[in-house]
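**Student:** One structure follows; several queries about it will come next.
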Amino acid sequence: MQDRLLHNILYSCTDKSKQGFEPFVSEHTLSYVLFGQIDITSGNEVAAYKKGDIVFLSRNQLIKSVKKADADKPFMAINVFLTQEVLKEFSIANKVSPTGSYVGLPNILFHSDTFIKGYFESLMPYFGEPEQLTSQLAEIKTKEAIQLLLRHSVMKNILFNFTEPFKIDLEAYMNRNFMHNVSLEQFAKLTGRSLSTFKRDFKKLFNNTPEKWLLKKRLDLAHYFITKENKNPSDVYFEVGFVNFSHFSDSFKKKFGVNASTLLTAP
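For the sequence shown, our numbering begins at 1 and goes up steadily by one.
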């Protein structure tokens with residue numbers, strides 16, 4: 001079975017290790033790993049989630065994901081997307097709102113919540129008979145997920161915080177997230193700026209254009225990984241923020257005058 005999206009519920013399945021090239025989490029997401037492992041990089045932090053793990057991914061963050069299949073089973077996971085529209089409707093209908101702000105990790109691992117695991121198991125039959133999951137049932141199942149999350153007190157301040165990103169420290173944010181290959185418009189939004197303000201603030205701070213600065217930072221990091229950590233260029237290019245290997249190779253040679261592979265230290 002391949003990936004299948006039913007309303008706001010995604011069944012993800014891949015029989016080969018696969019890197020994720022869509023690094024922006026636009027909506028809160030609740031995920032359950034059925035088989036295999038997924039490595040998620042957020043900023044400079046890497047977390048590995050394995051079979052049976054349940055993880056909540058907060059919205060408005062940049063991540064990279066690598067899905068890893070088991071030797072005898074493909075990677076499988078179920079993801080429930082909790083949109084702002086649904087959460088706002090839930091907030092009004094149930095008169096629930098945050099009682100404070102949340103400061104902590106952007107992703108939360110629920111180690112042993114048998115109720116949430118039971119919830120995900122109840123979704124499995126629908127992927128075999130997708131016509132059975134009507135829009136009304138999908139709405140009910142989504143509200144059930146919200147109710148289960150609210151059993152954990154911290155979740156109320158996360159789920160029902162509908163404020164947009166405010167203007168944040170641009171230098172710190174870009175140095176932490178430059179390896180994510182997203183548009184300048186997305187970087188601007190995530191730092192609480194319009195595109196024109198983002199470019200103006202960036203030029204003033206770094207004395208360079210965002211495009212040139214990002215390219216230099218990514219290539220310098222790639223050079224470090226290859227020469228100091230002896231990583232293979234075919235692994236490095238995605239890690240530092242390139243989507244296309246040939247573009248990475250051409251850019252690397254143009255900057256450093258040599259092919260990336262020639263810098264590898266012989267074992």
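Backbone N, C-alpha and C define an ideal beta-carbon position, used for all residues, glycine too.
All values reported here derive from a predicted model rather than from experimental measurement.
Given a cut-off of 8 Å, decide if Ser42 and Asn107 are closer than it, judged by their beta-carbon atoms.
**Tutor:** Closer than 8 Å, so yes.
**Student:** Less than 6 Å between C-beta atoms, sequence neighbours within five positions excluded: which residues of the same chain meet that for Asn94?
**Tutor:** Excluding residues within five positions, none has a Cβ falling inside 6 Å.
**Student:** Do the CB positions of Tyr273 and Leu6 come within less than 8 Å of each other?
**Tutor:** Residue 273 lies beyond the residue range present for the chain, which begins at 1 and ends at 267; the question has no answer from this structure.
**Student:** Are the beta-carbon atoms belonging to Leu215 and Thr191 less than 8 Å from one another?
**Tutor:** Their beta carbons are not under 8 Å apart, which means Leu215 does not touch Thr191 by this criterion.
**Student:** Tell me whether Met179 is buried or exposed, calling it buried when 16 or more other Cβ atoms sit within 10 Å of its Cβ.
**Tutor:** Burial call: buried.
**Student:** Taking contact to mean 3 or more Cβ pairs, one atom from each stretch, closer than 8 Å, check whether the segment 216-224 and the segment 246-257 are in contact.
**Tutor:** Result yes; three or more Cβ-Cβ pairs closer than 8 Å.
**Student:** Below 8 Å on the Cβ atoms is my contact criterion, and I expect Ala145 with Leu82 to pass it. Report the Cβ-Cβ distance as a whole number of Å.
**Tutor:** Right, their Cβ atoms sit about 7 Å apart.
**Student:** Which residue's Cα is closest to the Cα of Pro98: Gln136, Glu229, Tyr224 and His152?
**Tutor:** For the residues Gln136, Glu229, Tyr224 and His152, the minimum Cα distance to Pro98 belongs to His152.
**Student:** Does Thr41 come out as helix, strand or coil in the three-state DSSP assignment?
**Tutor:** Strand, per DSSP.
**Student:** Taking the Cβ atom as the reference point for each residue, do Glu211 and Leu195 lie within a distance shorter than 8 Å?
**Tutor:** Going by C-beta atoms, Glu211 is not nearer than 8 Å to Leu195.
**Student:** Just confirm the distance between the C-beta atoms of Phe75 and Thr14, as a whole number of angstroms; I'd bet it's less than 8 Å.
**Tutor:** The Cβ separation is near 5 Å, so the contact holds.
**Student:** Using a Cβ-Cβ cutoff of less than 6 Å, which residues in the same chain neighbour Asp70 once the five nearest sequence positions on both sides are dropped?
**Tutor:** The answer, listed in chain order, is Phe35 and Gly36.
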